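Visitor: Before I ask anything, here is the structure I am working with.
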Amino acid sequence: MNGMIDQYDLSAANVHDLHYLQDVRHQKANCHIIGDKAYDAIPTQLSLFEQHTIRLLAPARAYKNRYQNFPKSAVRIRKRIETTFSQLCDQFNIKRNYAKSFLGLAARSVRKIAAFSLLQYINVIINHRPQNQIKHARA
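Position one of the sequence shown corresponds to residue 8 (the numbering used here), numbered consecutively onward.
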């Protein structure tokens with residue numbers, strides 16, 4: 008994981024994370040997925056692994072009273088993902104879209120993600136700065 012967005016998908020806002028994962032499981036076979044606490048469902052984790060060899064890592068919720076050793080590497084990756092989401096929300100206003108159709112929403116989202124990736128590229132290649140300090144790439 009290098010901090011660059013290499014895959015994303017849009018879904019309806021009323022679809023729960025686990026239901027969405029059930030819909031796309033055939034496309035994501037033989038991989039690791041690191042989720043947040045919404046993905047903490049052992050039956051789902053077992054069925055994904057047995058049927059599609061998808062290893063779903065998710066931290067346990069605090070109230071479940073079961074200890075789960077969540078790997079430190081997964082914690083670092085989750086932090087990077089959350090930071091990327093935060094940057095997209097704060098600096099690119101990705102949550103604020105006034106699109107009138109799904110195609111308009113998709114086009115606006117693609118433009119914002121492409122701009123984010125371009126700023127990361129400018130930081131690394133041209134400015135020789137840390138990749139994820141995208142506020143400074145424009146300066």
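Just so it is clear, CB atoms sit at the ideal spot from N, CA and C, and this is done for glycine as well. Note that the coordinates shown come from a computational prediction; the quantities given were computed from them, not determined experimentally.
#1: Below 9 angstroms between beta carbons: does that hold for Ile120 and Asn130?
#2: Measuring straight from C-alpha to C-alpha, what distance separates Arg83 and Cys38?
#3: Going by DSSP, which residues form a beta bridge with Arg62?
#4: Identify, in the order they occur along the chain, each residue of the same chain with its Cβ nearer than 8 angstroms to the Cβ of His33, setting aside the five sequence neighbours on each side.
#5: CB Ala106 to CB Ala114, shorter than 9 angstroms?
#6: Hey, out of Lys35, Leu53 and Asp24, whose CA is closest to Gly42's CA?
#7: Determine the closest residue to Lys44 out of Gln14, Lys102, Val117 and Arg85, with distance taken between C-alpha atoms.
#8: Go ahead and pull the three-state DSSP assignment for Phe77.
#9: Given a cut-off of 9 angstroms, decide if Arg62 and Ile88 are closer than it, judged by their beta-carbon atoms.
#10: Which residues in the same chain as Ala68 place their Cβ atom closer than 6 angstroms to its Cβ, once the five residues preceding and following it in sequence are excluded?
#11: With H, G and I counted as helix, E and B as strand and the rest as coil, what does DSSP make of Val22?
#12: Report, in whole angstroms, the separation of the C-beta atoms of Gln94 and Met11, which I expect to be a contact under 8 angstroms.
Guide: By the coordinates alone:
#1: no
#2: 18 angstroms
#3: His39
#4: His59
#5: yes
#6: For Gly42, the closest alpha carbon among the candidates Lys35, Leu53 and Asp24 is that of Asp24.
#7: Arg85
#8: Phe77 falls in the coil class under three-state DSSP.
#9: no
#10: The amino acid occupying residue 68 in the given sequence is Arg; Ala does not appear at that position. The beta carbon of Arg68 sits closer than 6 angstroms to the beta carbons of Lys44 and Asp47 from its chain, once the five residues preceding and following it are set aside; these are given in chain order.
#11: coil
#12: The pair is not a contact, with the Cβ atoms about 13 angstroms apart (cut-off 8 angstroms).
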